[in-house]
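Engineer: Dumping the structure here so I can ask a few things about it.
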Amino acid sequence: MHLISAFLLAISANVDNLAVGIAYGFKKIKIGLSTNLFIAFISALSTYLATSVGEDISKSLNISVANIIGSAVLVGIGVWVIRETLKRERKKTKMLLKMQQMQIPVTTRFSSPSSRSVMEQSPIIMTEEFSQEIIREFSYATYIENPAKADIDKSGYIDVRESIALGFGLTFNNLGSGIGAGISDVNLMVMTLLTFIFSVLAIMGGYVLGDRFTTRLPGLWAGTLSGLLMIAIGIYEYFVV
2 MHLISAFLLA ISANVDNLAV GIAYGFKKIK IGLSTNLFIA FISALSTYLA TSVGEDISKS
62 LNISVANIIG SAVLVGIGVW VIRETLKRER KKTKMLLKMQ QMQIPVTTRF SSPSSRSVME
122 QSPIIMTEEF SQEIIREFSY ATYIENPAKA DIDKSGYIDV RESIALGFGL TFNNLGSGIG
182 AGISDVNLMV MTLLTFIFSV LAIMGGYVLG DRFTTRLPGL WAGTLSGLLM IAIGIYEYFV
242 V
């Protein structure tokens, strides 16, 4: 695999990190250097292990077959990432619409004090139920939409302990892409090193963007961009390398 493929794969694996960094900068929740390095270490480790598995698989295949399978895996993972991203966004939109509909009686019906009290309480309970369902559904995307979720002690600072769940959530896409890259004969150490470096830069740069420009990168765009990059790399590997 050419260096450009490893470079693009490392970028693709860290688009989510950029989105998370922007979300935390937007909310002014600080991510320290040690926390950033810890998340990068988890990402690099998962990439190393997945790519190693891919390399072991490629040893039992001839070069042309390995290239086809590796490219197919990358394209397949890219399609899956986009599909799951769109699926999550559709579910979230439906849930939010239902939450808004259940809150309508609170502001439009005031037949009696007692009925108003019941109507005011019911939507709140249902809203909490839907919020819990959303949290269960959206792994790292939950941290993009609700960055404060990781700040368990409400200190405005994410320490290493609080970043464990976030770190593992961000590495999920690395597993599939790492296996595909390994089958396509990626340089293991280059891929691992680039993943580590880009993870640190993505979170750091994302935080600066969110903090200074008060902007956010929605989970929809992060997941879609990551998936499109994987598809492009898979096609590139098949036709060029």
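Each residue of the sequence shown is one higher than the last, beginning at 2 in the numbering used here.
Ideal Cβ positions, reconstructed from N, Cα and C, are used throughout, including at glycine.
All values reported here derive from a predicted model rather than from experimental measurement.
1) Does DSSP put Lys29 in a helix, a strand or coil?
2) Alpha carbons only, please: which of Ile30, Gly77, Ala51, Gly33 is nearest the one belonging to Ala233?
3) How big is the Cα-Cα spacing for Lys99 and Arg91?
4) What is the DSSP secondary structure of Ile159, counted as helix, strand or coil?
5) Using the C-alpha atoms, what's the distance from Thr196 back to Asn175?
6) Under three-state DSSP, which class holds Asn188?
7) If we call anything under 8 Å between Cβ atoms a contact, is Asn18 one with Leu171?
8) At the level of alpha carbons, what is the spacing between Gly235 and Ala73?
9) Which of helix, strand or coil does DSSP assign to Leu98?
10) Closer than 8 Å is the cut-off here; do at least three beta carbon pairs connect the region 181 to 196 with the region 45 to 55?
11) On the CB-based measure, 16 or more other CB atoms within 10 Å of its CB, does Val21 come out buried or exposed?
12) Exposed or buried, what is Gly33 when buried is set at 16 or more other beta-carbons lying within 10 Å of its beta-carbon?
13) Using the three-state DSSP reduction, which class does Thr196 fall into: helix, strand or coil?
14) Please name the residue, chosen from Gly177, Tyr237, Leu210, Lys93, that lies closest to Ser44 on a Cα-to-Cα basis.
15) Quick check on Arg89: buried or exposed, where buried means 16 or more other Cβ atoms within 10 Å of its Cβ?
16) Identify whether Leu62 lies in helix, strand or coil by the three-state DSSP scheme.
17) Comparing C-alpha positions only, which one of Tyr25, Asp57, Val16 sits nearest to Leu189?
18) With 16 as the cutoff for other CB atoms within 10 Å, does Gly157 come out buried or exposed?
Structural biologist: If we stick to the structure as given:
1) Sequence index remark: in the sequence shown, residue 29 carries index 28 (1-based). It is coil, neither helix nor strand.
2) For the purposes of this step, residue 233 is taken as the residue at position 232 of the sequence shown. Of Ile30, Gly77, Ala51, Gly33, the residue nearest in Cα terms is Gly77.
3) As a first step, residue 99 must be located in the sequence shown, where it is residue number 98. As a first step, residue 91 must be located in the sequence shown, where it is residue number 90. Whole-angstrom Cα-Cα distance: 12 Å.
4) Position 158 of the sequence shown, counting from 1, holds the residue named residue 159. Correct three-state label for Ile159: strand.
5) For the purposes of this step, residue 175 is identified with residue 174 of the sequence shown, where counting begins at 1. For the purposes of this step, residue 196 is identified with residue 195 of the sequence shown, where counting begins at 1. Taking the straight line joining both Cα atoms gives about 9 Å.
6) As a position in the sequence shown, residue 188 is number 187, starting the count at 1. It is coil, neither helix nor strand.
7) If you number the sequence shown from 1, residue 18 lands on position 17. If you number the sequence shown from 1, residue 171 lands on position 170. In contact: Asn18 and Leu171 (Cβ atoms closer than 8 Å).
8) The count along the sequence shown starts at 1 and reaches residue 235 at position 234. The count along the sequence shown starts at 1 and reaches residue 73 at position 72. Computed Cα separation, rounded: 7 Å.
9) Position 97 of the sequence shown, counted from the start, is the residue given in the question as residue 98. DSSP places Leu98 in helix when its eight states are reduced to three.
10) yes
11) Position 20 of the sequence shown, counted from the start, is the residue given in the question as residue 21. Buried, because 16 or more other Cβ atoms sit within 10 Å of the Cβ of Val21.
12) Position 32 of the sequence shown, counted from the start, is the residue given in the question as residue 33. Burial call: exposed.
13) Mapped onto the sequence shown, residue 196 falls at position 195. Correct three-state label for Thr196: helix.
14) For the purposes of this step, residue 44 is taken as residue 43 along the sequence shown, with counting starting at 1. That would be Gly177, whose Cα lies nearest to the Cα of Ser44.
15) For the purposes of this step, residue 89 is taken as the residue at position 88 of the sequence shown. Buried, since its Cβ has 16 or more Cβ neighbours within 10 Å.
16) As a first step, residue 62 is located in the sequence shown; it is residue number 61 there, counting from the start. Correct three-state label for Leu62: coil.
17) Within the sequence shown, residue 189 is the residue found at index 188, counting from 1. Selected option, being the one with the closest Cα: Asp57.
18) Numbered from its first residue, the sequence shown carries residue 157 at position 156. Answer is exposed; the Cβ neighbour count stays below 16.
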